[in-house]
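Participant:
Protein chains: 2
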Amino acid sequence: MPDFLIAPDPSLPRLTRAVSGIDHNGAAVDLRVVEERPLTIFLNAQEIVTAMTIGDYPEELAIGYLLNQGMLHRDDTLTGVDYDEELDVVVIRTGRVTDYEEKLKKKTRTSGCAVGTVFGDMMETLEGLTLPTAEVRTSWLYGLAKQINTVPSLYLEAGAIHGSVLCRGDQPLVYMEDVGRHNAVDKIAGWMFRNAIDPGEHILYTTGRLTSEMVIKTASMGIPVLASRSGFTAWGVEIAREVELTLIGRMRGKRFVCLSGAERLVMDVDVDTIEDEGAKHRRKGAD
Amino acid sequence: MPDFLIAPDPSLPRLTRAVSGIDHNGAAVDLRVVEERPLTIFLNAQEIVTAMTIGDYPEELAIGYLLNQGMLHRDDTLTGVDYDEELDVVVIRTGRVTDYEEKLKKKTRTSGCAVGTVFGDMMETLEGLTLPTAEVRTSWLYGLAKQINTVPSLYLEAGAIHGSVLCRGDQPLVYMEDVGRHNAVDKIAGWMFRNAIDPGEHILYTTGRLTSEMVIKTASMGIPVLASRSGFTAWGVEIAREVELTLIGRMRGKRFVCLSGAERLVMDVDVDTIEDEGAKHRRKGAD
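Going line by line, the protein sequences match chains P and U.
Heads up: the first sequence is residues 1012 to 1298, going by the numbering used here.
Heads up: the second sequence is residues 1012 to 1298, going by the numbering used here.
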């Protein structure tokens, strides 16, 4: 079993619920389905957003969301992180006085799940950004995929959930899951902030598609490599090339496609030794 | 080939882009990836939202989005529907004077993709709602899945995209695709409004997960049956039961699970005659 710093805990009762129904034979079935609950995020006195989330790591989600929206700065000092489980509210407090009233007026609905993401602003944060040089060995990619897809997870337990994993070399470190795939990435951003992690030499693995927003988030987190089981959008590829992020998609079995930043790739493994993904493979898309 | 009223047109050059990269062998590959572009929706003089969309059926998307947000009413008369392709803007005009400034201040980030969805408001629209009685034959479900999964689509061409299909009996009628799965449903809502379709006796099929928002949208569209290849969230199931919507998920090959409204199901087919989904099956999740 890999030595994750944070791995999913499918046994947590708060995250799934047992429901009954019937199957294709008309027989009664019981299954576990993932929870989905609102979490309202405040930055100081201002209500920023209500996210629909599975409910774990609310503090990391709130901090990461605010960071990835540019509302919390890398050099901000947090003077309070208060989560109220009964009210489903997180309040993040900073020494700096904040007011995002104007920014909150602008609404962008992204391809996958963010509210209030201001693309113009997010693109601005990428201006002048230089992602660290790094190498990505293909042996790491294969090893990571195998570890991530086999470690116990809510996905394997209940399905209908996305995962994002912060990795370093061939080691998956922090595996976050959420009903919203952007929430999973935001939780990782929040964890990195709280633990003062240098993003260089890290790889972000996601089960979700490589859309513009996912690429922008990864780049603004300073992570040079983004890999996914899923496919690409044209704008996601375009932005990755602009910021020189290594973008790897359609990672299934021995296969993958790299559409940006291939110069970081080190092909150190004979692909004929890698098993292709069979029908038995349980990880499908979370959709 | 089924006789769709609207089917995907993967040959439209505006919807995909050719990109080059390398594959797992280090060999050069060319592939088509889906576009993702902003579309800003105005209701009369008010800017409502910017959606990231693949770009087809912008007028249906705008109308459906506004309907599903409760900003456009079923009995509204549209006095103008103006799409400007160069500006990526749609303006919907109504005889009724509209002002959603207060509503726009409230931001909810859902599990999958909607911005500015106000859950409280959406739940209110469901109060007192009675979905029509209807029957759903399992032979229809199997026939629909087969037709939808084999008709040429952007999904089969380029992947990384979601689909929603309005069906009646065993006939798929309108198949919309989009990078955002809620956009695909909104396009169907817009099409139904423009064509004055009675939602009773219809089935909505989606490739996406059965989250709270997807269930709320389907119910508020008046459609009594929602079916998906993907899984459930607990809140999605709970709302479906409250409004007595028939909710069918995990439809793959002969298998499915019905977690709400099973009284509408008519099991008219011997499941042993249905082929199970094999490894060759090309439709995976869009993630």
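Note that beta-carbon positions come from the ideal geometry of N, C-alpha and C, so glycine has one too.
What separation, rounded to the nearest whole angstrom, lies between the Cα atoms of U:R1179 and U:M1278?
Facilitator: U:R1179 and U:M1278: Cα-Cα distance of roughly 17 Å.
Participant: Identify every run of the beta strand (DSSP E) within the stretch 1014-1084 of chain U, keeping only runs that are complete inside it and at least 3 residues long; order them along the chain.
Facilitator: The qualifying runs are 1027-1034, 1039-1045, 1048-1054, 1057-1064.
Participant: Note the first and the last residue of the continuous beta strand (DSSP E) segment covering U:T1090.
Facilitator: First-last of the beta strand (DSSP E) with U:T1090: 1089-1095.
Participant: If you follow the beta strand (DSSP E) that P:G1247 is in, where does it begin and where does it stop?
Facilitator: Taken as a continuous stretch (DSSP letters only), P:G1247 belongs to no beta strand (DSSP E), being part of the alpha helix (DSSP H) at 1245-1254.
Participant: In three-state DSSP terms, what is P:Y1216?
Facilitator: P:Y1216 falls in the strand class under three-state DSSP.
Participant: My guess is that U:T1244 and U:R1220 are in contact by the Cβ rule of under 8 Å, so how many angstroms apart are they, rounded?
Facilitator: U:T1244 to U:R1220, Cβ: 7 Å. Contact.
Participant: How should U:V1098 be labelled, buried or exposed, when 16 other C-beta atoms within 10 angstroms of its C-beta is the threshold for buried?
Facilitator: Val is not the amino acid found at residue 1098 of chain U; the sequence shown has Leu there. Label assigned to U:L1098: exposed.
Participant: Does the CB of U:D1181 have a neighbour CB from chain P at under 8 Å?
Facilitator: Chain P contact via Cβ: absent.
Participant: Which residues of the stretch 1015-1030 of chain U have a Cβ closer than 7 Å to any Cβ of chain P? Give them in chain order.
Facilitator: From the stretch 1015-1030 of chain U, only R1028, V1030 have a Cβ closer than 7 Å to chain P.
Participant: Going straight from the alpha carbon of U:Y1166 to that of P:Y1216, what length do you get?
Facilitator: Their Cα atoms are separated by approximately 22 Å.
Participant: At least one CB of chain U closer than 8 Å to the CB of P:G1300: is that the case?
Facilitator: Lying outside 1012 to 1298, the shown extent of chain P, residue 1300 of chain P is not represented and no answer is given.
Participant: Under 7 Å Cβ to Cβ from P:E1146, same chain only, skipping five residues before and after it: list those, please.
Facilitator: Counting only Cβ-Cβ distances below 7 Å, and skipping sequence neighbours, we find R1275, V1277.
Participant: Just how far apart, CA to CA, sit P:T1284 and P:D1095?
Facilitator: Looking at the two C-alpha atoms, the distance is approximately 50 Å.
Participant: Between which two residues does the beta strand (DSSP E) holding P:M1262 run?
Facilitator: Run containing P:M1262: 1257-1263, per the beta strand (DSSP E) assignment.
Participant: Beta-carbon of P:G1081 versus every beta-carbon of chain U: anything under 8 Å?
Facilitator: So no, P:G1081 is outside the interface.
Participant: Cβ atoms of P:V1100 and P:F1053: under 8 Å apart, would you say?
Facilitator: Yes, they are a contact pair.
Participant: Under a three-way DSSP split, which group does P:E1138 fall into?
Facilitator: P:E1138 falls in the coil class under three-state DSSP.
Participant: Quick one: list the residues of chain U neighbouring P:A1245, beta-carbon separation under 8 Å, in chain order.
Facilitator: Result: T1027, R1028, V1030, V1044, V1045, E1046, E1047.
Participant: Contact criterion: CB-CB distance below 8 Å. Does P:S1164 meet it with respect to chain U?
Facilitator: Not an interface residue.
Participant: Could you run through the stretch 1197-1228 of chain P and flag, in chain order, every residue whose CB is less than 8 Å away from some CB of chain U?
Facilitator: Answer set for the stretch 1197-1228 of chain P: T1218, G1219, R1220, L1221, T1222, S1223, E1224.
Participant: Check whether the Cβ of P:M1063 lies closer than 8 Å to any Cβ atom in chain U.
Facilitator: Yes, its Cβ sits closer than 8 Å to a Cβ of chain U.
Participant: Of the residues P:S1239, P:A1207, P:M1232, which one's Cα is nearest the Cα of P:T1222?
Facilitator: Here the closest residue by C-alpha is P:S1239.
Participant: Does P:E1111 come out as helix, strand or coil in the three-state DSSP assignment?
Facilitator: According to the sequence as given, residue 1111 of chain P is Tyr; it is not Glu. Reduced to three states, the DSSP call for P:Y1111 is coil.
Participant: In three-state terms, what does DSSP make of U:M1187?
Facilitator: Note: U:M1187 maps to strand in three-state DSSP.
Participant: Compile a chain-ordered list of the residues in the stretch 1252-1278 of chain P whose CB is closer than 7 Å to at least one CB of chain U.
Facilitator: For the stretch 1252-1278 of chain P, which is checked against every Cβ of chain U, the residues closer than 7 Å are K1265, R1266, F1267, V1268, C1269, L1270, A1273, M1278.
Participant: So, is P:T1027 buried or exposed, given that buried needs 16 or more other C-beta atoms within 10 angstroms?
Facilitator: P:T1027 is buried by the Cβ-count criterion.
Participant: Span of the beta strand (DSSP E) holding P:R1104?
Facilitator: Where P:R1104 is concerned, the enclosing beta strand (DSSP E) stretches over 1100-1105.
Participant: Could you name the residues of the stretch 1143-1159 of chain U whose beta carbon sits closer than 8 Å to any beta carbon of chain P, in the order they occur along the chain?
Facilitator: For the stretch 1143-1159 of chain U, which is checked against every Cβ of chain P, the residues closer than 8 Å are T1149.
Participant: Are any of the Cβ atoms in chain P nearer than 8 Å to that of U:N1055?
Facilitator: No, U:N1055 lies away from the interface with chain P (no Cβ there is under 8 Å from its Cβ).
Participant: Cα separation between P:M1187 and P:D1020?
Facilitator: Roughly 10 Å separates the two Cα atoms.
Participant: Suppose you measure from the CA of U:S1031 to the CA of P:L1152; what does that come to, to the nearest Å?
Facilitator: Straight-line Cα distance between these residues: approximately 21 Å.
Participant: What would DSSP say about U:R1240, mapped onto helix, strand or coil?
Facilitator: Coil.
Participant: Contact check, U:N1055 vs U:T1088 under 8 Å by CB: the rounded distance?
Facilitator: That pair is no contact at about 13 Å.
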